[in-house]
Amino acid sequence: MERERMKMNKIKLIEPTNEHKSQILAYREEFLTSKESIDGSSGLANYSIYENWLKAVNDCVNKETVPEGLVPALTFLAMTSDEQLIGMINIRLELNDYLFNFGGHIGYSIRKSERRQGYAKEMLGLALEECRKLNLERVLITCDQDNIGSAKTILHNGGILENEVVEGDNVTQRYWINL
20 MERERMKMNK IKLIEPTNEH KSQILAYREE FLTSKESIDG SSGLANYSIY ENWLKAVNDC
80 VNKETVPEGL VPALTFLAMT SDEQLIGMIN IRLELNDYLF NFGGHIGYSI RKSERRQGYA
140 KEMLGLALEE CRKLNLERVL ITCDQDNIGS AKTILHNGGI LENEVVEGDN VTQRYWINL
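The opening residue of the sequence shown carries number 20 in our numbering; numbering runs sequentially from there.
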């Protein structure tokens, strides 16, 4: 296990700052152009002004400043050792009804050009380490039934499928990971 962990460490999780503005805006544009959802990005697709998004990310850190309808959450950038943004991940510290059924504690995305290289598995593993530091005992992670790559990522990190929730044509798989 230790040897496997040493081989991984291709990325690190860091909090977004103004230094990352150009990379995050390029990440946003890549997802918008491909018409894909930017999961785990604290609503990045909804912000055309970077500073407004960064303020929203920072507001969600503290329960006192979280906007109504949202839960406290931490957002991280997955960066390579040469400081290239390859993904984003969001750790929600609480669950509301929607998150309990469909969103879970953790959401993440990997830019299309960086998929199928093991980054999602490593990124989720690093996020689970953060969850342990936050004294979370178990986390819920969800994915669409047809997202086989995400399901494999969750299973690789210890996810146990609890059930599937059907809403219209969409089926959400709900996995728990004990920490």
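Beta carbons: idealized from backbone N, C-alpha and C, even for Gly.
So if DSSP puts Gln192 in a beta bridge, which residue, or which two residues, is it bridged to?
Cys162 and Glu183
Sort Lys140, Arg193 and Leu145 by Cα distance to His175 and report the nearest one.
Lys140
Counting only runs of 3+ residues fully inside the segment 118-179, write out the beta strand (DSSP E) ranges in chain order.
125-129 and 157-163
Expressed to the nearest angstrom, what Euclidean distance is found between the alpha-carbon atoms of Arg24 and Glu87?
For Arg24, the pLDDT reaches just 40, beneath the cut-off of 50, and the residue's location in the model is therefore unreliable, although a value from the coordinates is still provided. The alpha-carbon atoms of Arg24 and Glu87 are separated by roughly 39 Å.
Quick check: the Cα distance between Thr94 and Leu143, rounded to an integer number of angstroms?
13 Å
Cα-Cα, which of Lys40, His124, Asn189 and Lys29 is closest to Leu63?
Lys40
Enumerated in chain order, which unbroken segments of the beta strand (DSSP E) with a length of 3 residues or greater are wholly contained in the segment 71-111?
92-99 and 104-111
Just to confirm the assignment, what range does the beta strand (DSSP E) spanning Lys31 have?
Ile30 to Ile33
Beta carbon of Thr99 nearer than 7 Å to that of Ile108:
no
Residues in its own chain within less than 6 Å of Lys26 by CB, not counting five upstream and five downstream?
Interpretation of Lys26 is limited by its pLDDT of 42, a score under 50 that renders its predicted location unreliable; the figure taken from the coordinates is listed afterwards. Cβ within range, chain order: n/a, list empty.
Member of Gly177, Cys162 and Asn197 whose CA lies at the smallest distance from the CA of Ser56
Cys162
Once you ignore the five residues that flank Ile33 on each side, which residues in its own chain have a CB closer than 6 Å to its CB?
Leu96 and Met98
If the criterion is Cβ atoms closer than 7 Å, does the pair Glu38 and Arg130 meet it?
no
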